[in-house]
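> Chains as they are written, first to last, in the numbering used here: chain A, 138 to 377; chain B, 138 to 377.
Backbone N, C-alpha and C fix where the C-beta goes; we use that ideal spot for every residue, glycine too.
Below you'll find the structure I mean.
2 protein chains.
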Amino acid sequence: MIDKGVFYGVGVGPSDPELVTVKAIKILNSVDVVICPIKNIGEDSFAYSIVKEHIRKDMSILEMVFPMNYKKDELMNKWEANAQRIAEMIHQGKNVAFITLGDPMVYSTYAYLLPYLKELEVEYETISGITSFCLTASRVGVPIVEWNEGFCVVPLRKGVNERVTNALDNFDNIVIMKPSKDCKGLAREIIKRGLEKNMAIVSKAGTKDEAIIRDIKVLMNEEIPYFSTLIIKKSYTFEE
Amino acid sequence: MIDKGVFYGVGVGPSDPELVTVKAIKILNSVDVVICPIKNIGEDSFAYSIVKEHIRKDMSILEMVFPMNYKKDELMNKWEANAQRIAEMIHQGKNVAFITLGDPMVYSTYAYLLPYLKELEVEYETISGITSFCLTASRVGVPIVEWNEGFCVVPLRKGVNERVTNALDNFDNIVIMKPSKDCKGLAREIIKRGLEKNMAIVSKAGTKDEAIIRDIKVLMNEEIPYFSTLIIKKSYTFEE
């Protein structure tokens, strides 16, 4: 009987290859296979581009398709099938790493796999990564949260909803993920609350195309990329 | 005239020396001075113990006292004095790194220095680190947030307040920092909402003394250490 392998969920951080941890690099070089999730066959993996330089040249890289849509039934079937494929490798004694952007416990594909892998009795370990919102705050030079305040993180996905307005009303510090999904709706809610000067957006943070947006008009005109994060800090005025 | 130096706020992550980034290690070895914040003279710096093995032996290490209390006036005077000391070094042309637990933009001493340093025209760069709540989630094997949900982070500090109860009522996923500050009060609020099975606490995460607590009685009996983080996930039942 062969010993089972271990499945590692490895956070590779938000973008910059230097924001990868020592532990991530160690694990990515010690396993038998590194899985890179991709949206569609033939597409590049952003997560892989971050860690490529850290992984030894002869590592076995396996691309695995995880569609990005809102059809939950279809997605769940795909997650289950992918989990079964992974469990097979683990039961054959392979150690497998799964790379994921940012942190594996914050909006990641890895988290969707976990329940299935637990069912299939796969031993796993999660390696934390730098979140996009921490990098965003560092790029605008303003803390997400201080002192006795709290902060919240909400995704935009299909558009502004009650979760978003509730966050805007009840928190001092708000991070909005994927603001490009409903720029105009979001801009309206920000203006309605007089928070135009209390917000900043960083797009493509940590890449050569990074841009910082502090002008609400840019948001209103829907001119922000998919890889953007918005921070609202009610106690702070962002200068343009 | 000498060129001014640069001030680096370096997140060293929550505990495990392997959860330090490549960038943090690079900067900590390239500067002239590494500042370690300590609470009192003679006390050890936890942040320094994390990065010690990564820093070259001849690096100049400077301990700087940042008291931990709730007297804001006293603290602000100290922050200003420390910022002036740092600005002096920077204006003498030195590059200085300031290490901080977790991420520099999430409840860190570094964030309190920043406004003073900006006034003093110090050029700075912030290096993101792994947050304690990401590590906490990885240790209990449960995502902080998925899909279209949001999450919030609130500190306990002086005890349960409206911020905490508001978070418990309005969010699916809640992180409570420093739950040891009011264990009983927090336990009562959790029980009141029937969330006893939806919570887990990780204390001293990533150290050899790490412990995972899923039993509300332990919280009620105030048996949790200072370095603890509590996660509530309403859609998930933590097994004891």
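Which chain A residues sit within Cβ distance under 8 Å of B:Ser365?
Position 228 of the second sequence, counted from the start, is the residue given in the question as residue 365 of chain B. By Cβ distance, chain A contributes nothing, its closest Cβ being about 17 Å from B:Ser365, past 8 Å.
> Rounded to whole angstroms, what's the CA-CA distance from B:Val157 to B:Val149? Just pull it up for me.
For the purposes of this step, residue 157 of chain B is identified with residue 20 of the second sequence, where counting begins at 1. For the purposes of this step, residue 149 of chain B is identified with residue 12 of the second sequence, where counting begins at 1. Using only the alpha carbons, I get a separation of about 5 Å.
> Using a C-beta to C-beta distance shorter than 8 Å, which residues of chain A count as neighbours of B:Lys163?
Counting from 1 along the second sequence, the entry for residue 163 of chain B is found at position 26. Here the neighbours are Glu155.
> Label A:Ser340 either buried or exposed according to how many other C-beta atoms from any shown protein chain fall within 10 Å of its C-beta, with 16 as the threshold for buried.
Walking along the first sequence from the start, residue 340 of chain A turns up at place 203. Classification of A:Ser340: buried, given that the 10 Å Cβ count is 16 or more.
> Between which two residues does the alpha helix (DSSP H) harbouring A:Met213 extend?
By one-based count along the first sequence, residue 213 of chain A stands at place 76. For A:Met213, the enclosing alpha helix (DSSP H) covers residues 209 to 228.
> Secondary structure at A:Leu80, three-state DSSP: helix, strand or coil?
Coverage of chain A is limited to positions 138 through 377, which leaves residue 80 of chain A absent and any answer about it impossible.
> Between A:Phe235 and chain B, is the shortest Cβ-Cβ distance under 8 Å, so that the two count as touching?
Taking the first sequence and counting its residues from 1, the one referred to as residue 235 of chain A is at position 98. Not closer than 8 Å to any Cβ of chain B, the Cβ of A:Phe235 fails to qualify, so no.
> For A:Val312, which residues from the same chain have a beta carbon less than 6 Å from its beta carbon, with the 5 sequence-adjacent residues on both sides left out?
Mapped onto the first sequence, residue 312 of chain A falls at position 175. Correct list, in chain order: Phe270, Val290, Ile368.
> Name, in chain order, the residues that DSSP records as bridge partners for B:Ile368.
The count along the second sequence starts at 1 and reaches residue 368 of chain B at position 231. Per DSSP, B:Val312, B:Ala337.
> When the cut-off is 8 Å and only beta carbons count, does A:Gly278 lie next to chain B?
For the purposes of this step, residue 278 of chain A is taken as the residue at position 141 of the first sequence. It does: the Cβ of A:Gly278 has a partner Cβ on chain B nearer than 8 Å.
> Can you pull the chain B residues whose beta carbon is under 7 Å from the beta carbon of A:Asp240, in chain order?
Here residue 240 of chain A refers to the residue found at position 103 of the first sequence. Here the neighbours are Cys271.
> The beta strand (DSSP E) that contains A:Met357, what's its start and end?
Working through the first sequence from its first residue, we reach residue 357 of chain A at position 220. Here A:Met357 belongs to no beta strand (DSSP E); instead the alpha helix (DSSP H) covers 353 to 357.
> Do B:Phe235 and B:Tyr145 have their CB atoms nearer than 8 Å?
By 1-based counting over the second sequence, the position of residue 235 of chain B is 98. By 1-based counting over the second sequence, the position of residue 145 of chain B is 8. Going by C-beta atoms, B:Phe235 is nearer than 8 Å to B:Tyr145.
> Rounded to a whole number of angstroms, what is the C-alpha to C-alpha distance between B:Asn303 and A:Lys189?
Within the second sequence, numbered from 1, the residue matching residue 303 of chain B stands at position 166. Within the first sequence, numbered from 1, the residue matching residue 189 of chain A stands at position 52. Near 43 Å, if we compare the C-alpha coordinates of A:Lys189 and B:Asn303.
> Just to confirm, is the Cβ distance from B:Leu257 to B:Gln229 under 8 Å?
Against the second sequence, residue 257 of chain B aligns to sequence position 120. Against the second sequence, residue 229 of chain B aligns to sequence position 92. Taking 8 Å as the Cβ cut-off, B:Leu257 and B:Gln229 do not qualify as a contacting pair.
> Quick one: is A:Pro292 near chain B, going by C-beta distance under 8 Å?
Along the first sequence, one-based indexing puts residue 292 of chain A at 155. A:Pro292 counts as touching chain B.
> Starting from the Cα of B:Thr366, find the closest Cα among B:His191, B:Asp306, B:Ser275, B:Thr263 and give me that residue.
Within the second sequence, the letter at position 229 stands for residue 366 of chain B. Checking every option, the nearest Cα to that of B:Thr366 belongs to B:Ser275.
> Taking only beta-carbon atoms, is B:Ile281 less than 8 Å away from chain A?
Along the second sequence, one-based indexing puts residue 281 of chain B at 144. Cβ-Cβ to chain A under 8 Å: yes for B:Ile281.
> Taking all protein chains shown into account, decide if A:Leu199 is buried (16 or more other Cβ within 10 angstroms of its Cβ) or exposed.
Taking the first sequence and counting its residues from 1, the one referred to as residue 199 of chain A is at position 62. The residue in question, A:Leu199, is exposed, as its Cβ has fewer than 16 Cβ neighbours within 10 Å.
> For A:Arg300, collect the residues of the same chain with a Cβ closer than 6 Å to its Cβ; drop the 5 residues on either side in sequence, then sort them by chain order.
Translated into the one-based positions of the first sequence, residue 300 of chain A becomes position 163. Here the set comprises Val291.
> For A:Gly287 and chain B, any beta-carbon pair shorter than 8 Å?
Your numbering for residue 287 of chain A matches position 150 in the first sequence. Yes, A:Gly287 lies at the interface with chain B (some Cβ there is under 8 Å from its Cβ).
> Looking only at its own chain, which residues have a Cβ that is under 8 Å from the Cβ of B:Gly279, when we skip the five neighbours before and after it?
Taking the first residue of the second sequence as 1, we reach residue 279 of chain B at position 142. For the record, residue 279 of chain B in the displayed sequence is Val; it is not Gly. Listed in chain order, the non-local C-beta contacts of B:Val279 below 8 Å within the same chain comprise Ala337, Ile368, Lys370, Tyr373, Phe375, local neighbours out to five positions each way being set aside.
> Taking B:Ala274 as the query, report the chain A residues whose CB atoms sit under 7 Å from its CB, ordered along the chain.
Position 137 of the second sequence holds residue 274 of chain B. The answer, in chain order, is Met242.
> Sort out for me which residues DSSP pairs B:Ala348 with in a bridge.
Your numbering for residue 348 of chain B matches position 211 in the second sequence. According to DSSP, B:Ala348 bridges with B:Ser340.
> Under 8 Å Cβ-Cβ, which residues of chain A neighbour B:Asn307?
The count along the second sequence starts at 1 and reaches residue 307 of chain B at position 170. In chain order: Asn303, Asn307.
> Is the stretch 347 to 363 of chain A touching the stretch 153 to 169 of chain B, taking contact as three or more C-beta pairs under 8 Å?
no
> Using the Cα positions of A:Ile164 and A:Glu283, report the straight-line distance between them to the nearest angstrom.
Your numbering for residue 164 of chain A matches position 27 in the first sequence. Your numbering for residue 283 of chain A matches position 146 in the first sequence. Cα to Cα, A:Ile164 sits roughly 33 Å from A:Glu283.
> Can you tell me whether DSSP reads B:Gly239 as helix, strand or coil?
As a working mapping, residue 239 of chain B is identified with position 102 in the second sequence. Strand, per DSSP.
> Mapping DSSP to helix, strand and coil, what is B:Glu262?
Locating residue 262 of chain B in the second sequence gives position 125, counting from the first residue. In the structure shown, B:Glu262 sits in a strand (DSSP, three-state: E or B).
> Among A:Ala224, A:Gly266, A:Ile139, which residue has its Cα nearest to the Cα of A:Pro241?
Here residue 241 of chain A refers to the residue found at position 104 of the first sequence. When only C-alpha atoms are compared, the closest one is A:Gly266.
> Can you tell me whether DSSP reads B:Ile178 as helix, strand or coil?
What you label residue 178 of chain B is simply residue 41 of the second sequence in a count that begins at 1. Of the three classes helix, strand and coil, the one that applies to B:Ile178 here is coil, per DSSP.
> Listing by chain order, which chain B residues have their CB less than 9 Å from the CB of A:Thr374?
Against the first sequence, residue 374 of chain A aligns to sequence position 237. Residues of chain B passing the Cβ test: none, with the nearest at roughly 12 Å.
> From B:Gly239 to A:Val297, what distance separates their C-alpha atoms?
As a working note, residue 239 of chain B is residue 102 in the second sequence. As a working note, residue 297 of chain A is residue 160 in the first sequence. Rounded to the nearest angstrom, the two C-alpha atoms are 31 Å apart.
> Would you grab the beta carbon distance between A:Lys318 and A:Arg294 for me? Rounded to a whole angstrom, and I think it's under 8 Å.
Walking along the first sequence from the start, residue 318 of chain A turns up at place 181. Walking along the first sequence from the start, residue 294 of chain A turns up at place 157. Between A:Arg294 and A:Lys318 the Cβ distance is about 6 Å, and since that is below 8 Å, they are a contact.
> Please list, in chain order, all residues of the same chain as B:Asn177 whose beta carbon is under 8 Å from its beta carbon, the five residues on each side excluded.
Within the second sequence, residue 177 of chain B is the residue found at index 40, counting from 1. So the qualifying residues of the chain are Val202, Pro204.
> Is the beta carbon of A:Met226 closer than 8 Å to that of A:Val170?
Numbered from its first residue, the first sequence carries residue 170 of chain A at position 33. Numbered from its first residue, the first sequence carries residue 226 of chain A at position 89. Yes, the Cβ-Cβ distance between A:Val170 and A:Met226 is below 8 Å.
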